[in-house]
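The block underneath contains the structure these notes are about, expressed in C-alpha cells.
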Amino acid sequence: MVSVISPAPESASPTTVEPLRIGPIELSSPVVLAPMAGITNTAFRRLCREYGAGLYVTEMVTSRALVERSPKSMRIIQHEPYETPRSVQLYGVDPETIGQAVRMLVDEDRADHIDLNFGCPVPKVTRKGGGSALPWKKDLFKAIVTTAVTEADRGGIPLTVKMRKGIDKDHQTFLDAGETARNAGVAAIALHGRSAADLYSGQADWDAIARLKDHLGDTVPVLGNGDIFAAEDALEMMRRTGCDGVVIGRGCQGRPWLFGDLANALGGSDERFRPGLAEVARAVYKHGEYLAEYYEDEFYGVRDLRKHIAWYFKGYPVGGDLRRQLAMVSSLEELEGLLAQLDQNAPYPGTDAEGSRGRTTRPKKPHLPEGWLDSRIFDVSGKSLLSEAELDISGG
1 MVSVISPAPE SASPTTVEPL RIGPIELSSP VVLAPMAGIT NTAFRRLCRE
51 YGAGLYVTEM VTSRALVERS PKSMRIIQHE PYETPRSVQL YGVDPETIGQ
101 AVRMLVDEDR ADHIDLNFGC PVPKVTRKGG GSALPWKKDL FKAIVTTAVT
151 EADRGGIPLT VKMRKGIDKD HQTFLDAGET ARNAGVAAIA LHGRSAADLY
201 SGQADWDAIA RLKDHLGDTV PVLGNGDIFA AEDALEMMRR TGCDGVVIGR
251 GCQGRPWLFG DLANALGGSD ERFRPGLAEV ARAVYKHGEY LAEYYEDEFY
301 GVRDLRKHIA WYFKGYPVGG DLRRQLAMVS SLEELEGLLA QLDQNAPYPG
351 TDAEGSRGRT TRPKKPHLPE GWLDSRIFDV SGKSLLSEAE LDISGG
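Shown next as C-alpha cells:
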C-alpha cells in the first residue's frame, strides 16, 4: 500500500506559524528534534529530514569526552554534507571544560548551532549534581552558560539551552534559570514541562511553558517540549503557551514522518501522513541501511535497529512471532525477508499507531549529592564529585 496523506481531524484547524529564528538561523518549520541517546544519530536524523523540515540535533555528548576527542564522541558530532544547519548538543558540569568543548566546535567548524543540556533526569547523572539537578546551583549554572555563550559568540554560532522545570515540585528552577540564560545571551530556551522527579511520568506541564514565555516575553524564543505525539499536539501547545517552537522527543520514535505532519500543520496545511504497513516496512529497511552505513558495519547497524522495531509497528497487525524475529534481526537480507512477510495491504490503523511511545516511568525521588538542596550556591569542595557526572560519553 502506498503512503496515505489524509486531512487532519476537523477539530484541528490549520494555523500558519511564523518561522523560528535562532540567532542567524531561520527555520521554515519551528520544530527541533530532541537529542536522544542511542536514537538521534546521523541515520535517524537523515530519515526524519526526508519527511520534513526542522532543526535536527545530535545525540548529547559530554564536553569532557569531546575535549579528550574520544572516538565515540567524535562519531556523535559528525555531520554529513547534507545536514544543514549542523546542530550539536553538549552536556557538561564544569565551565572550563564546557568552554573548551565549545571552542573546539567553533575553531574546527564542526557546528552551526550548539545546545546545552540541563534536562537529563537519570539518576546516574543527577546523583553527581549534573543534568536537571545542576540549575539548582545558580552560580554554577550562570558560569557554564556565560562561558559557553562567550566562546560560541567568537564564531557567530547561536547557543541555546534545554532544561526541565526543576528537581521536584518544591525545588523548581525554570524561571530563574531561564532569566539567567536570557541575560547571558542565549539564542533560545527549551523547557520540558516535567521535573527531574517526574522522569517521563504523567502529563507534561504545559502551563510551566506558558509561565516561562510570559516571564521572558519576546526577549528570547521559548520552545516547548513534552507530550507532542501528533501535529495537533504541537498546534495546541503553541496556542496554549504562546511558545515560539516545539521540541520533539519520544513522539517521533518509530514515526519519522511526524516531521512531515508537523511541517504541514505549522505551515497551515491539513494534510497528514497515514502510512500503511508496506510504507512502514520500507522506512524500517531504509533505517537499517542508513544505520549500517553510519556504523560502517552491517551487523552492528541492524542490531541497533532492533530497539526501534516495537515503535515502528505499534498498532499495526504484526504477529507476535514475527515481531520477535524482527527484534532479533542480524542482517539486511534477513530484515528484507522478514518484512516481506508483512501484510502489504494493511492500512494505517488509526489511533492504535499513535499516542505515547518510548519511556514511561513513575515519579521517583531524585538522586542527588548529599546536602545538594541545602544551598543554591555551589560548594567548590564538591567539584571532584561533580566531574564524575561526565564519565560517560553521552551523558544520558
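Quick note on numbering: UniProt numbering labels position 382 of the sequence shown as 382, and the sequence is numbered without any gaps. Backbone N, C-alpha and C define an ideal beta-carbon position, used for all residues, glycine too.
Residue i vs residue j beta-carbon contact at 8 Å
i, j, result
"Ala210", "Ala265", "no"
"Pro366", "Ala208", "no"
"Leu342", "Val318", "yes"
"residue 397", "Leu191", "Nothing about residue 397 can be read from this structure; the chain reaches only from 1 to 396."
"Phe273", "Gly251", "no"
"Thr180", "Lys142", "yes"
"Thr40", "Tyr200", "no"
"Val161", "Leu235", "no"
"Ile157", "Ile114", "yes"
"Ala43", "Tyr316", "no"
"Met238", "Val93", "no"
"Gly178", "Leu140", "no"
"Gly23", "Ala187", "yes"
"Arg194", "Asp176", "no"
"His308", "Gly355", "no"
"Ala292", "Val302", "yes"
"residue 397", "Gly371", "Since the first and last residues shown for the chain are 1 and 396, residue 397 lies out of range."
"Ile189", "Val145", "no"
"Val280", "Tyr300", "no"
"Cys48", "Pro256", "yes"
"His171", "Leu385", "no"
"residue 399", "Glu390", "Absent from the structure is residue 399, since the part of the chain shown begins at 1 and ends at 396."
As assigned by DSSP and simplified to three states, the class of residue i
i, result
"residue 404", "Given that the chain is displayed from residue 1 to residue 396, the structure contains no residue 404 and the question cannot be resolved."
"Ala340", "coil"
"Glu388", "helix"
"Ala34", "coil"
"Gly276", "coil"
"Arg64", "helix"
"Asp297", "coil"
"Tyr51", "coil"
"His287", "helix"
"Ala45", "Reading off the sequence, residue 45 comes out as Arg, not Ala. It is helical."
"Arg282", "helix"
"Ala190", "strand"
"Asp270", "coil"
"Asp168", "strand"
"Glu18", "coil"
"Ile76", "helix"
"Glu26", "strand"
With 16 other Cβ atoms within 10 Å as the buried cut-off, status of residue i
i, result
"Asn345", "exposed"
"Ile377", "exposed"
"Gln89", "buried"
"Pro135", "buried"
"Thr351", "exposed"
"Gly245", "buried"
"Ala353", "buried"
"Gly202", "exposed"
"Lys72", "exposed"
"Asp198", "buried"
"Ser132", "buried"
"Ser87", "buried"
"Thr241", "buried"
"Thr219", "exposed"
"Gly224", "buried"
"Arg45", "buried"
"Asp107", "exposed"
"Ala184", "buried"
"Ala340", "exposed"
"Lys137", "buried"
"Gly130", "buried"
"Asp324", "As written in the sequence, residue 324 is Arg, which differs from the Asp given in the question. Label assigned to Arg324: exposed."
The ligand HEM heavy atom lying under 7 Å from the CB of residue i
i, result
"Pro158", "This structure lacks the ligand HEM; in fact it carries no ligand of any kind."
The segment 320-331 in contact with the segment 167-181 per 3-pair CB rule at 8 Å: Output reads no: the segment 167-181 does not touch the segment 320-331.
When the Cβ atoms of the segment 63-78 are set against those of the segment 98-113, are three or more pairs found closer than 8 Å? These segments touch.
Kindly confirm or deny that the segment 126-135 and the segment 70-87 touch, where touching means at least three C-beta pairs closer than 8 Å. By the Cβ criterion, the segment 126-135 is not in contact with the segment 70-87, since fewer than three pairs of Cβ atoms, one from each stretch, lie closer than 8 Å.
Please specify which runs of the alpha helix (DSSP H), each continuous and at least 4 residues long, are wholly inside the segment 315-376, giving them in chain order. You should have 320-326 and 332-339.
Please give the ranges of any alpha helix (DSSP H) in the segment 81-166, keeping only runs that are unbroken, at least 4 residues long and fully inside the region. With a minimum length of 4 residues, the continuous alpha helix (DSSP H) runs that stay inside the segment 81-166 are 95-107, 123-126 and 138-153.
In the segment 194-260, which residue ranges form an unbroken alpha helix (DSSP H) of at least 4 residues, counting only runs that do not cross its ends? The segment 194-260 is shown to contain whole alpha helix (DSSP H) runs of 4 or more residues at 206-216 and 231-241, in chain order.
Contact the segment 52-59 vs the segment 26-43: 3+ CB pairs below 8 Å: The segment 52-59, when compared against the segment 26-43, does touch it at the 8 Å Cβ threshold.
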